[in-house]
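The sequence shown begins at 112 in the numbering used here and counts up by one.
All residues carry an ideal CB built from backbone N, CA and C; glycine is no exception.
Every value quoted in this text rests on a predicted model; they were computed, and no experiment measured them.
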Amino acid sequence: MLTHASVTTMLPVIDMARARAFYEGCLGLQPGGLKPDGKFVYAVGGSTLALFPKPEGTRADHTAISFQVADIAASIAELQRAGVVFENYDFPGLKTIDHVCVLGSEKAAWFKDTEGNYLCLHEDLAPDATR
């Protein structure tokens, strides 16, 4: 029923100006505009990301958004040049090397936005690369 429906990811933000500066300045997203209900939207790879004001804020302790990229190392380097700080982990079953963790058939790297939301880059591995 919803297979062909468009998807909008909704992220609450405490400070819209600060969040927009991060999403536009650091991540390079192109502004889509302010909606009458106060949401600010971005078109991202065929999907929509909407930031909405929530003065008390909320944030998940899991990945809120994962951006698929073709070359994770190059994407990390580019985002670091723009001021993005990547997380490092060393837990049983989850260890990053140069900010990257291999999880089955993908590589992943995490960072936080200005509101504390966990965002991720992921790169699919070639089928024979997981052997």
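Please return the same chain residues whose Cβ sits closer than 8 Å to the Cβ of Ser158, not counting the five positions on each side in sequence. Against the sequence shown, residue 158 aligns to sequence position 47. Closer than 8 Å at Cβ, skipping near neighbours: Ser117, Val118, Thr119 and Thr120.
Within 8 Å, do at least three Cβ pairs link the segment 190-206 to the segment 140-151? no
Quick check: Ala130 and Val124, are their CB atoms within less than 7 Å of each other? Along the sequence shown, read from residue 1 onward, the residue named residue 130 stands at position 19. Along the sequence shown, read from residue 1 onward, the residue named residue 124 stands at position 13. The answer is yes: Cβ separation under 7 Å.
Alpha-carbon spacing of Tyr229 relative to Phe178, whole angstroms: Here residue 229 corresponds to residue number 118 of the sequence shown, with the count starting at 1. Here residue 178 corresponds to residue number 67 of the sequence shown, with the count starting at 1. Their Cα atoms are separated by approximately 12 Å.
Please report how far the alpha carbon of Leu214 lies from the alpha carbon of Ala193, in whole angstroms. Numbered from 1 along the sequence shown, position 103 holds the residue referred to as residue 214. Numbered from 1 along the sequence shown, position 82 holds the residue referred to as residue 193. Going from the Cα of Leu214 to the Cα of Ala193 covers about 26 Å.
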